[in-house]
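> Pasting in a structure now, in structure tokens, and then I'll have a few things to ask.
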Amino acid sequence: MDSDLDLYLSTRGCDSDWQLSLKHYGCLGKASFLIVNLHYNHRMEMPSLLNDRYQLQETLGTGGMAVVYKAKDLMLERNVAVKVLREDFSKDPSFRERFRQEARAAANLSHPNIVTVHDFGLDQRHLFIVMEFMPGTDLKTLTKQKEQFQVHEALELMIQACGGIGYAHRAGLVHCDVKPHNMLTTPPEGRLKVTDFGIARALSTISPDERSEVVWGSPHYFSPEQASGRPPSPASDVYSLGIILYEMLTGGRLPFVAADSAELARMHREETPVAPRYYNPNIPRAGRDHYESSLEGAFSALSHRGSAGGASAAGII
Ligand SMILES: Nc1ncnc2c1ncn2[C@@H]1O[C@H](COP(=O)(O)OP(=O)(O)O)[C@@H](O)[C@H]1O
Ligand SMILES: [Mg+2]
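Residue numbers for the sequence shown follow this note's numbering, so the first one is 8 and each next one is one higher.
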């Protein structure tokens, strides 16, 4: 391929749009650089009021399986965030029951580093979860904005994430989808809260052919056992925390990047990542103070021994 190529394809279904764009960024030796972007957008006809109580105001974000709205709780007169699941999940009765159980377990978690779940409901075809509204931004966006965190800044955030996830582990709940998109931060105070406990576990009950890549997609943060399709344990969450810390301290690099999720899964199982200190010499060696040993604890989860062993987020802090 010797000329720049741009391709854009779009399909419009009854309740969703797909857009595929492809850009050729030129050649270096025999290597050709292609950026392929596949975007899925699910349209929902949303009522503006759910269960006569939650007035939807604006969209806060869209993930693979849900849309999150800022809303007003008319009963208690406060702002909340309402996560409305895609209709194809909401209509499956066994998923609805599983989701209710997971929401109930998450609602019992009360910790300063966990987003509080207030309510759960079904209005006509819309299955939704009501939670504390977090002003600010998610950690993925923050990582992209900041480019690189100072070691102490990254550790302050990571200690909060471990506080919330360690508490959930002690309560018998594994998160299963630890990724920076599920860490909500409120700058400038630097408060971090973890969200979406148990939702991934509920989703795992849906048969694989009903799940698309986009829906079941955090493969960059999956532990080796999750990548192999085995059940996650508290140690799986710790492995994913290690990946988040790696990303924060290396200017947004991920330890494993591959063209498809099968190759990514193989890398998680078999490969050892480039040491983060190679990209960021400011990362100290372990053993000198509390911060440095907590850093080493999180990174050791990125070795396969760490994830297969009995690590818990509480053990890092
Ligand atoms: N409780 C909340 N308060 C404020 N914003 C939120 C809240 N929960 C989610 N969001 C926003 O909605 C976005 C989409 O969330 P979600 O559907 O869980 O997808 P994902 O976790 O894959 O980004 C998040 O990235 C975040 O910006
Ligand atoms: Mg989320």
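Using N, Cα and C, we set each Cβ at its ideal position, and we do this for glycine too.
Note that the structure is predicted; figures quoted are calculated from it, not measured.
Would the beta-carbon of residue 186 fall within 8 Å of that of residue 97?
no
> With a 10 Å radius around its C-beta and 16 neighbouring C-beta atoms as the bar for buried, classify residue 120 as buried or exposed.
Under this definition residue 120 is a buried residue.
> How is the beta strand (DSSP E) around residue 64 delimited, first residue to last?
61-69
> Take residue 270 as the anchor and find which of 145, 242, 260, 234 has the nearest alpha-carbon.
With respect to the C-alpha of residue 270, the residue from 145, 242, 260, 234 having the closest C-alpha is 234.
> Using only alpha-carbon positions, find the residue among 169, 123, 227 that is nearest to residue 280.
227
> Compare the Cα-Cα distances from residue 137 to each of 88, 144, 104 and report the closest residue.
88
> If you follow the beta strand (DSSP E) that residue 139 is in, where does it begin and where does it stop?
Here the beta strand (DSSP E) through residue 139 covers 133-139.
> Any contact of the stretch 249-259 with the stretch 168-188, i.e. 3+ C-beta pairs under 8 Å?
Contact between the stretch 249-259 and the stretch 168-188 is present, because at least three Cβ pairs lie under 8 Å.
> Going by other Cβ atoms of all chains shown within 10 Å of its Cβ, with 16 needed for buried, is residue 151 buried or exposed?
exposed
> Within its chain, find whatever has a CB closer than 6 Å to the CB of residue 170; leave out the 5 residues flanking it on each side and keep chain order.
120
> DSSP on residue 162, reduced to helix/strand/coil?
helix
> Could you have a look at residue 290 and say whether DSSP puts it in helix, strand or coil?
Coil at residue 290, not helix or strand.
> Rounding to the nearest angstrom, what Cα-Cα distance links residue 236 and residue 127 in this structure?
29 Å
> May I ask you to verify whether the stretch 54-68 touches the stretch 94-109, counting CB pairs closer than 8 Å and requiring at least 3?
no
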